Each structure stands twice: as structure tokens, then as C-alpha cells.
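Accompanying notes for the structure given below.
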RNA sequence: CGGGGCGUAGCGCAGUCUGGUAGCGCACCUGGUUUGGGACCAGGUGGUCGUGAGUUCGAAUCCCACCGCCCCGACCA
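Numbering (the working numbering), first residue to last: 1 to 625.
Right, here's the structure in full:
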């Protein structure tokens, strides 16, 4: 405690309590301390928030690292830590340092502009929400451990908001009484908290994160669909403006059905979602949902005789195929599953295909299935795993065949006999036709696109950065958010909700835009548009004067510029500017200056070119246009 | 929560097996020499070795418990 701290305890329950009570100091003292610290800075420096666009490295809090902390695995996470954008406080909790916050604000502002343009209105709801609202919709219990529940001094229950449907619906029901007030679309940019099972990848899967969430209210479904389309467009604009490669994909609409939900993914190899898309059409879907069409050609007639083949050690389809010298697409694998009702089921897939658990879950009775244990396989088929197949099994074991398998003939599968497989197997002759034929596999590269336009699917990975959803009346009914329509009837409002992971976008953008030297910011989210590196600033008056002049000119032109005026070696300055990803760099040095020139390097292209110093401003303006 | 790994200076690591004055590189501070791709020399600052409890004359090191973090699986912006 400072010597002049009050000896009296603060009052017990003050209306307002400063976190560190101390006697008021003359403000002059503070100013003196500040100016004493900051006075030695050369040249003009930012004196207020109005000068936000103007910055120099001798003033900016920059903390770069040569080595990434071991906590980070993912490249974007490492780079964010090395560039000093973020700092970890706890698992899934990050401080946005000044440089990082500039980036986050850039993303926010693009999002705000597009939301406003789309007719949404910004508001700000509390981060902490009373339990009662969540109990109304039943989600207090349903949301589960992902929700951070807290208790106040009166033992009342609250949560730190993981999302805001309940709060916004509460607002709507108390404010909106008439169809004349509809439609309306509210949004906010808020800190959310979701107690993730396993936070990882830095800000890409943090527990506390920044999200833009919008909620629209409508008198009817047509109006909801209109706004949904507008928001779809707004989201596309946001990600385009941010300079990201992205894809909107059809998402699971669950019980609601219809064309009601899309996810927006930034394409990146490190993405957690696998996507299928068609390069020649608009089709794109999460692999969990992408339909695998039945083969175009009907099943060929049987041409081989059924025979047993020796497969002493071959349990995997690819090994069996290799042993027999046939393609793996001639093999069929059987996967043993057990339903919650205890039914033992065989799922048949082509050897090179993989089971899609979401799809098979939609087959009758297969909701909440699990994989059979080795004991269950042995007792039902009298055979160890690795050699099981659909031939000669007990007639009451249900066989679910993938569409592809159902169209196969003369295939190879397990013989239900250790160390043997069967070849030349044919449905209808060697075993009954399968009880169920369904789409139960993941699509693969080269599958025919299900939109019927003749394209062929490709797979890629994506990071989900946005999700739009037609909620319909789920919340408005539960919470009685009703209005009077033109016929004077009380009607629940149609609702839509639209989320963007603002902080996640920063990580996703780096994942998509980096090289060995560091981050390469897309223009729209760069913390600074231009870096001026002054080589020999503290040694050469000419360099100093030229760099300061450019800095002043750029600033006056409204360009966000970072002047590197440190007394560092050039290598360090270049390395720092590259690590933090400034898209354009002007180098001012004695050599080029002697010819009246400066050097320009684009962060991405990396090739240096000389520019007359008088042309620097217009040249950069051209680059930024 | 299950399986694996790690906690030693701001960051990266050695030391732990076999107990005996806590080390290296980077960063930071002072002085000097340097200055177009992360300089060099000299001198320095900084660690109750994650926490607690034990064993021991003596614990970073051995024993026990706890906490935290990271990686692999089920959640999602």
C-alpha cells in the first residue's frame, strides 16, 4: 500500500467502491510521471485516441518472441503468441494485447458495417443472465456443463451467457406487440463464455470468446426467409471483405428441417470440420450431411462362383485386396453395431468407404447406436472381428447395406471363419438381399455431386466462423413472444439467429494467411496498413527526416501507418514487421535515399522495388485501393 | 471424464535415473564496439525448482497427496 493510502477502512457497503481505494492525488503528479516517461520519444506522437491511426514502434507496446511458448500446437496459435497479439491467462482465457486488439477491432468493424447495411440494429445485452429465463425454455438443464453457472450473494442463480436467445426473446415479448413493429433484427458484439470440454488452439476454441450474434423477429415465415437471405448475403460480404477464402455449407437442420441453416467455413487444412463441395456448382455441405448417391449403373449379374480364400493374417480390407491382387473397391466390410434396444446389427460398407455415424443414426431404430464389443461379435457370429461378413448369418440379424454395396456383385467379404474370406459373393444367390439399403457412408473425393448438376465432389477442411439458422417459433412459443396480426390474432413470432465468431476469425485468418516468417494479414484486418522501416533513424538525419515526412504524409492521408523508429538493427526490424504481418513495407535508408528513392516490399509477394520518394504516397494509395 | 505427457528466470530448455552451493541459450539492464536480414565483447538483474505434507544431517532430485497446463477422443462461433 502506498504511504498515503487511507488508514480508515472503506465503508462497508458503498454504492460505488473503487477496487484500490486511495486518497485523491493532485492530477499534476500523474501528468508529470507520464510525461517524464514519454518525453524522450522523438517527433510527434499520439496524444489522444483521435490519433489512433498514427503509431510508432518506440511507442507501441510490441512484444515479439523468437520462440513460441510450448502451450501452442497450432500454427496460428503460435504466431499469435509470438507476435504478441494475445496472452494466456488460464485455460481458454486470453488477453488481447494492444496489437491483437487492433486486429479484433478491425474484424468487428467490418461485421458492424455489414450488419448495419443489412438493416440490423446494434444493442448490447448483459453477459450475465438470470436462471429464470433459461428455465422458461428448459435450457437451464439442457445446456449442460457447457454453461458456466454462478450464484450471487443472495444465492440466486445466474449464468455467464453462452448465447442470448432467451434474453432477446424476453426483450421482444415485452417490446413487440403488433405486426406493425415487425420485422426487426437486433445484433450485438459480446463476450460469451462456454465451458468447453477441451479448449485448444488459442482463440480458435477458447472458453471466453467474442461473438457477434443477431436475432430477427418476423410476422411470418416468408419474412423470416427474406431476412435469412439478406443475412446470408451479409455474411458472404463480411468474409469477402475480410479477404478470406470461405464456403457457405448446408448444415444440419435437425428436427426443424427444410433449407433452414448454413454454416460459414474458412477453408484451412487445420480446420476441425470436413467439408464436401462441388467446384462446378454451388453445392457445399458438411461431410456429416453430404448425400452419397447410389451408383448410376445397376448391379451387374453374378459371374463368379462363391469360394473361400485363405487370408491367414489379413483382417483389414486393404490387406485382403492386396493379397488377392484386386482393387479395394471389390471388397465389403461389415461393421457390428448394437442399438440401445440391444439389437445386434451388421452395417455393410465398401472396403474403402467409412461409416457416417450421423447418417446411420437416421436409419429406423439406430438412434444412439454403439459399436459392438468383441464378445458380442463372437457370440453373435461365432467369429472374431477381422473375418466377419454377412454370409450365412442368423436370419434375425439385421443387415444394413450402404447404397454402394447394394449395387455390388462378385465381391469379397469376411467368411465368419477365422483366417478365411469369401470371394465371388453375390446378393440374392449367396445371401439374402439386405434388409435395409441406405446412405450410411461418408462421401469421398470424386463422388457424384448430389445436386444433380453433374459435378464431382471434392473434400476440404474448414473452420466454422459463422452459422445462420431459421429458429422458427421454438423460443417465441416457449417464452410467449407473441404479437397481434392483421386479423387481431395472438401469434408467436418467427425467429432467426445469426452468429459470427469474431475472435475465432482472427485465428482462422492466420491459419489461412501465413508463411515461414509469420502472419500475412489480409488488408481489411491488418493492425496497420503500412510499415515504414527507418534504417539508421538514429544515425542519419536524412533518413530520419525522410521517414518522418512519409509518416506525416501517410497519416495525413488517413493511412494507418506504423513507423519503426527503433534503434535496432535492420534485420530485427524487418523480422518484427514480417512476424506481425503488416501487408506493405516501405524501407527508408541512406543508400536508396541518395537517389531520392525508398524501397517497397509487399508482405505476401516479397519482391523489393524502388520508388521515388515523392511517389511513395500515391503508390501506396494505389496498393490499398 | 477416460488415455498419454509436462510443470526449473519473461520465452525455449538441461539438471531428476545415481540427493550435496540451481545452470545454458534468447530476452532484459550498464558500458563499449557495431548497424541493409534477428550483431559482438565485458559486466550485471532476475528462480522459496507448481503447491502441500513426508523421508533424510541435507530434497529440483526419493515417497504421498493436491493443483495447473498441453496432446488424443465426445461439444461448438
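Even for Gly, the Cβ is constructed at its ideal location relative to N, Cα and C.
A quick note: this is a predicted structure, and the numbers were derived from the prediction, not measured.
| Asked | Found |
| --- | --- |
| At what residues does the beta strand (DSSP E) containing residue 460 begin and finish? | 458 to 472 |
| Judging by CA-CA distance, which residue of 509, 129, 515 is the nearest neighbour of residue 168? | 129 |
| Taking three-plus beta-carbon pairs below 8 Å as touching, is the stretch 586 to 604 in contact with the stretch 531 to 542? | yes |
| By Cβ distance, which residues of its chain are closer than 8 Å to residue 39, with the 5 residues on each side in sequence left out? | The pLDDT assigned to residue 39 is 35, lower than 50, so where the model puts this residue is not dependable; a value taken from the coordinates is nonetheless given after this. Answer for residue 39: no residue qualifies. |
| Might you give, ordered along the chain, the residues of its own chain that have their beta carbon closer than 7 Å to the beta carbon of residue 110, omitting 5 neighbours on each side? | 238, 241, 242, 524 |
| Would residue 450 and residue 400 be called neighbours here (beta carbons separated by less than 8 Å)? | no |
| Can you tell me whether residue 130 is helix, strand or coil according to DSSP? | strand |
| Can you grab the Cα-Cα spacing for the pair residue 280 / residue 456, in whole Å? | 8 Å |
| Answer with buried or exposed for residue 375, where buried requires no fewer than 16 other C-beta atoms within 10 angstroms of its C-beta. | exposed |
| Buried or exposed, going by whether 16 or more other CB atoms sit within 10 Å of the CB of residue 26? | Note that residue 26 scores a pLDDT of 33, beneath 50, so its modelled location is shaky; the value from the coordinates is reported in the next line. That one is exposed. |
| Rounded to a whole number of angstroms, what is the C-alpha to C-alpha distance between residue 481 and residue 185? | 15 Å |
| Based on the DSSP secondary-structure assignment, which residues constitute the bridge partners of residue 262? | 250, 468 |
| For a test of the three-state rule: what should DSSP assign to residue 218, helix, strand or coil? | strand |
| For the stretch 394 to 414 against the stretch 330 to 338, are there 3 or more C-beta pairs whose distance is under 8 Å? | yes |
| By a C-beta neighbour count over all protein chains shown, 10 Å radius and 16 as the cutoff for buried, is residue 231 buried or exposed? | buried |
| How would you write the range of the beta strand (DSSP E) that residue 500 sits in, first residue to last? | 494 to 501 |
| Helix or strand or just coil, what does DSSP make of residue 576? | helix |
| Is residue 388 helix, strand or coil when you go by DSSP? | coil |
| Inspect the CB distances between the stretch 105 to 125 and the stretch 175 to 191 and report whether three or more fall short of 8 Å. | yes |
| Tell me whether residue 287 sits in a helix, a strand or coil according to DSSP, three-state version. | coil |
| Three or more C-beta pairs under 8 Å: does that hold for the stretch 508 to 516 against the stretch 479 to 497? | no |
| Tell me the start and end of each unbroken alpha helix (DSSP H) in the stretch 146 to 202 that is at least 4 residues and wholly inside, in chain order. | 165 to 175 |
| Just to confirm the assignment, what range does the alpha helix (DSSP H) spanning residue 551 have? | 541 to 556 |
| Distance check for residue 431 and residue 309, CA to CA, integer angstroms please. | 17 Å |
| For residue 71, does the three-state DSSP call read helix, strand or coil? | coil |
| In this structure, does DSSP put residue 582 in helix, strand or coil? | coil |
| Within the chosen definition, does the stretch 200 to 217 reach the stretch 86 to 100 through at least 3 CB pairs nearer than 8 Å? | yes |
| Using 8 Å as the Cβ pair cut-off and three pairs as the minimum, do the stretch 354 to 365 and the stretch 373 to 393 touch? | no |
| DSSP three-state call for residue 205: helix, strand or coil? | strand |
| With a floor of 3 residues, list each beta strand (DSSP E) that falls wholly inside the stretch 337 to 392, ordered by position along the chain. | 344 to 350 |
| How many Å lie between residue 328 and residue 353 at the Cα? | 10 Å |
| Of the choices 572, 427, 550, whose alpha-carbon is the least far from that of residue 62? | 572 |
| Return the residue from the list 589, 527, 557 that minimises the CA-CA distance to residue 541. | 589 |
| Does DSSP classify residue 96 as helix, strand or coil? | strand |
| Examine the Cβ distances between the stretch 103 to 117 and the stretch 543 to 559 and report whether three or more of them are shorter than 8 Å. | no |
| Along the alpha helix (DSSP H) that carries residue 278, what are the first and last residues, could you check? | Unbroken run through residue 278: none, as it is neither H nor E. |
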